[in-house]
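Q:
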Amino acid sequence: MRYEAPRTLEAAVALLSGANGQARVLAGGTDLLIQMRGGRLDPDLLVDIKGIPEMTSIVAESGVFRFGAAVPCMELVEHKALAKAWPGVIDGANLIGSIQVRGRATAGGNLCNASPAADTVPALIAAGAVVSIVGPRGRREAPVEDIATGPGRTSLAKGEIVASFLLPRRPPRSGDAYLRFIPRTEMDIAVVGAGINLTLDEAGVCRQARVSIGAVAERALLVPEAAATLIGTKVDAEALKRLAAAVSAACRPIDDKRGTKEYRIKVAGVMARRAAEIALERARRTS
Amino acid sequence: MAKVHVTATLNGNAVEFLCETRQTLLQVLRDELQLTGTKEGCGTGDCGACSVTVDGRLMCSCLVLGAEVQGKSIQTIEGMAEGDKLHPLQRKFLEHAALQCGICTPGVLIAAKSLLERNPDPTEEQVRYWLAGNLCRCTGYQKIVEAVLDAASEMRGG
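Protein sequence lines, in the order shown, are assigned to chains R and A. If you count by the working numbering, then the first sequence holds residues 6 to 292, one letter each, in order. If you count by the working numbering, then the second sequence holds residues 4 to 161, one letter each, in order.
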């Protein structure tokens, strides 16, 4: 196996697209190295992208945040301005594995590993994050919800790399939150996850909302019909009830050792409601 | 396939080694550099026995390739005591009997040191959450948590 650590995105793309045999991007390695050790994956080439400045930096410009796909979760969590602007994105980044795992694990890896239970993904989808992708045919942008297509599968073409995430400018009175259900407090994989992002007007009426759910389908879902239950309301008990129902209706989960289909459908609604309550509280606090 | 030549800093000293591209930092530490204080538990990032810091960041050395630490600074358990003088955390672990079999202990100590560098006055809850990635099957954690809190207090001059 070859190991390469290029310094530019162009060099990384050239290595990946020119590779004979299996090539993999190495970011935090918290999924990849385990898959290699377990014999599920036997790459001929690893391209370590942590020497590429765009992929390892966090930049804030007039209310817009761009963070590299290879920034470890702990660095996101410790970035005060980012944590203040996007607490829901930080909720997701702060739930993955242990401190040790978060010292390595990255949002780019979490997205491209394409686990339906990835914790950063529903939070980023709810936030309206866009990824910047660099490949053999240049650069393109795509919403986060368009990347994973199913367990372990993405819409990326050969040689394409998710380089960075862009979080849009936030209107005032905005708040976001991500919650997941696990049977213990730490070190587990989501049974269900829910990310909510909303913006209130001066009268406290919800004007914009995005709702995303994880671990209840083959990939994290954006659920516009659930967001519609919040828009135009004061996110009161009635709206939250309709939110939970719309979220449960959008679930198409599997039965597995972590939860039955029926259980996941019910709990997804509960998690969405609770996340909406936290997002609401955060939106009110910023006003 | 030629081996990768890596130069790095290990517990404050320059170090260089040759490794296979597939070798983890844990394997390099134990098998190439004969620093066996860092333990292998699960090998999949779940147990924390192989905890080290790389450029000040706590991580599992089983989830890092040796080739990745080119130019980096690594701290292992071997760098914790100053000669014969134990680090306060090490001393408090002995005083509180916060270890039994000892396999998890180097990783717990490295993780606890990393916590106290960021937060010199953690609550019990903060200690428990920070150490959630360090499994111990002997102690039941209570004595570990007490030792960390006591060491923190002493290090603050309390």
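For every residue, glycine included, the Cβ atom is placed at its ideal position computed from N, Cα and C. Since the model is a prediction, treat every value here as computed from it, not as a measurement.
Please determine, among R:G164, R:R212 and R:P258, the residue with the shortest C-alpha to C-alpha distance to L51 (chain R).
A: The shortest Cα separation from L51 (chain R) among R:G164, R:R212 and R:P258 belongs to R:G164.
Q: Quick check: the Cα distance between A225 (chain R) and L28 (chain A), rounded to an integer number of angstroms?
A: Cα to Cα, the separation comes out at about 33 angstroms.
Q: With a 10 Å radius around its C-beta and 16 neighbouring C-beta atoms as the bar for buried, classify R159 (chain A) as buried or exposed.
A: R159 (chain A) comes out exposed.
Q: Chain R beta carbons: is any one of them nearer than 7 angstroms to that of A11 (chain A)?
A: A11 (chain A) does not count as touching chain R.
Q: In the DSSP assignment, find the beta strand (DSSP E) that holds D124 (chain A) and state where it starts and stops.
A: Where D124 (chain A) is concerned, there is no enclosing beta strand (DSSP E), given that its DSSP letter is neither H nor E.
Q: Please state the DSSP three-state secondary structure of S67 (chain R).
A: Three-state DSSP puts S67 (chain R) in coil, outside helix and strand.
Q: Please work out which residues of its chain come closer than 8 angstroms, Cβ to Cβ, to A119 (chain R), disregarding the five sequence neighbours upstream and downstream, and give them in chain order.
A: So the list reads I152, A153, T154, G155, P156, G157, R158, T159 and R224, once near-sequence residues are dropped.
Q: Is it buried or exposed for L32 (chain A), if we count other Cβ within 10 angstroms and need 16 for buried?
A: So L32 (chain A) ends up on the buried side.
Q: Please report whether the beta-carbon of V213 (chain R) lies at a distance below 7 angstroms from any beta-carbon of chain A.
A: The displayed chain sequence assigns Gln, not Val, to residue 213 (chain R). No - not a single Cβ of chain A is within 7 angstroms of the one on Q213 (chain R).
Q: Going by DSSP in three states, V167 (chain R) sits in which element: helix, strand or coil?
A: Strand, per DSSP.
Q: Closer than 7 angstroms by C-beta to L100 (chain R): which residues in its own chain qualify, once you throw out the five before and the five after it? Chain order, please.
A: So the qualifying residues of the chain are D124 and R185.
Q: How is T129 (chain A) classed by DSSP in three states: helix, strand or coil?
A: Position check: residue 129 (chain A) holds Gln in this sequence, whereas Thr was assumed. In the structure shown, Q129 (chain A) sits in a helix (DSSP, three-state: H, G or I).
Q: Beta strand (DSSP E) containing V7 (chain A): first to last residue?
A: V7 to L13 is the span of the beta strand (DSSP E), which, as asked, contains V7 (chain A).
Q: State the start and end residues of the unbroken alpha helix (DSSP H) segment that holds G274 (chain R).
A: Element bounds for G274 (chain R): K266 to T291.
Q: Tell me whether D153 (chain A) sits in a helix, a strand or coil according to DSSP, three-state version.
A: D153 (chain A): helix per DSSP, three-state reduction.
Q: How is the beta strand (DSSP E) around D96 (chain R) delimited, first residue to last?
A: No beta strand (DSSP E) holds D96 (chain R); the alpha helix (DSSP H) holding it covers P92 to A98.
Q: What residues in the segment 61-93 of chain A have a beta carbon less than 9 angstroms from any beta carbon of chain R?
A: The segment 61-93 of chain A vs chain R, Cβ under 9 angstroms: L61, M62, C63, C65, L66, V67, L68, A70, E71 and Q73.
Q: Compare the C-alpha of E150 (chain R) against each of R:L129, R:P141, R:S137 and R:I166 and name the closest.
A: Ranking R:L129, R:P141, R:S137 and R:I166 by Cα distance to E150 (chain R) puts R:L129 first.
Q: Return the chain-ordered list of same chain residues with a C-beta closer than 6 angstroms to the C-beta of P176 (chain R), the five sequence neighbours on each side being excluded.
A: The residues are T204.
Q: From the DSSP output, which residues share a beta bridge with R215 (chain R)?
A: Bridge partners of R215 (chain R): R:N202.
Q: By how many angstroms is the C-alpha of A222 (chain R) removed from the C-alpha of V240 (chain R)?
A: Cα to Cα, V240 (chain R) sits roughly 26 angstroms from A222 (chain R).
Q: Smallest Cα separation from D181 (chain R): which of R:V216, R:V210 and R:A65?
A: Selected option, being the one with the closest Cα: R:V216.
Q: Starting from the Cα of Q103 (chain A), find the closest Cα among A:K75, A:C141 and A:A11 and give me that residue.
A: The shortest C-alpha separation from Q103 (chain A) is found at A:C141.
Q: Rounded to a whole number of angstroms, what is the C-alpha to C-alpha distance between A84 (chain A) and P91 (chain A)?
A: Roughly 9 angstroms separates the two Cα atoms.
Q: Should R287 (chain R) be labelled buried (16 or more other beta-carbon atoms within 10 Å of its own) or exposed?
A: Burial call: buried.
Q: Look at the alpha carbon of A195 (chain R) and the alpha carbon of A74 (chain R), and state the distance between them as a whole number of angstroms.
A: Taking the straight line joining both Cα atoms gives about 21 angstroms.
Q: How would you list, in chain order, the residues of chain R whose beta-carbon sits under 7 angstroms from the beta-carbon of V7 (chain A)?
A: Those are Y8, listed as they occur along chain R.
Q: Against R33 (chain A), what residues of chain R qualify as contacts under a CB-to-CB distance less than 7 angstroms, listed in chain order?
A: Here the premise fails: no neighbours, minimum Cβ distance about 16 angstroms.
Q: Which two residues bound the contiguous beta strand (DSSP E) that contains I138 (chain R)?
A: Here the beta strand (DSSP E) through I138 (chain R) covers V135 to G140.
Q: Would A17 (chain R) pass as a contact of I187 (chain R) if the rule is Cβ separation under 7 angstroms?
A: Cβ distance not < 7 angstroms, so A17 (chain R) and I187 (chain R) don't count as in contact.
Q: Could you check whether the segment 253-263 of chain R touches the segment 51-67 of chain R, counting it as contact only if at least three pairs of C-beta atoms, one from each stretch, sit closer than 8 angstroms?
A: Not touching, per the Cβ criterion.
Q: Roughly how many angstroms separate the alpha carbons of M62 (chain A) and T56 (chain A), rounded to a whole number?
A: Each residue's alpha carbon lies about 6 angstroms from the other.
Q: Could you tell me the distance, in whole angstroms, from the CA atom of I77 (chain A) to the CA atom of G274 (chain R)?
A: So the alpha carbons of these two residues sit roughly 45 angstroms apart.
Q: Just the C-alpha distance for F20 (chain A) and G74 (chain A), rounded to the nearest angstrom, thanks.
A: Going by the C-alpha atoms only, they are around 12 angstroms apart.
Q: Expressed to the nearest angstrom, what Euclidean distance is found between the alpha-carbon atoms of V7 (chain A) and N14 (chain A)?
A: C-alpha separation (whole angstroms): 21 angstroms.
Q: Given 6 angstroms as the limit, tell me if E243 (chain R) has its C-beta closer than that to any heavy atom belonging to the ligand ZN.
A: In the structure shown, the ligand ZN is absent, as is every other ligand, since no ligand is present at all.
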